[in-house]
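Only one structure is covered here, and it is reproduced in the block below.
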Amino acid sequence: MKLINLISPSANLAELTALASDDDLLLLRQDAVYLVYQAALPFPGKVLALESDINWRNITLPAHIRAITDAEWVTLSANASQNLLWS
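Take 502 as the starting number for the sequence shown in my numbering and just add one per residue.
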């Protein structure tokens, strides 16, 4: 499982999706959390959002995106086979 950290809402999602598989996780961080307003993100795996960034921007998450805490982020990072930062 790869953990892909997305930090910019203007990132090339087509390139990102081409590198991802069904068991990968996409973590929306920083301004990328605004992508939750898109009807559907073209990502084959699960989409998560960092709770602190969601709260800071006062965003309500849709049901298909789960918020995770900083502690959960650390655990996911430690358990992932790869950690990627995508901006």
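In this text, a Cβ means the ideal position worked out from N, Cα and C, and glycines have one as well. Since we're looking at a predicted model, the values are computed, not measured.
In the DSSP assignment, N580 falls within the unbroken alpha helix (DSSP H) covering D571 to N580. Taking 8 Å as the cut-off, the Cβ atoms of L527 and L577 do not count as close. By alpha-carbon distance to S511, the top candidate from D532, I566, D571 and R558 is D532.
According to DSSP, N506 shares a beta bridge with L528 and L586.
Residue pairing from DSSP places R567 in a beta bridge opposite L549. Three or more Cβ pairs drawn from the region 503 to 522 and the region 571 to 585 lie within less than 8 Å of each other, which places the two stretches in contact. Distance from L504 to L529 at the Cβ level is roughly 12 Å; contact not present, criterion being Cβ atoms closer than 8 Å. Approximately 6 Å separates the beta-carbon atoms of P545 and S522; this is inside 8 Å, confirming the contact. DSSP, read as helix, strand or coil, puts I560 in coil.
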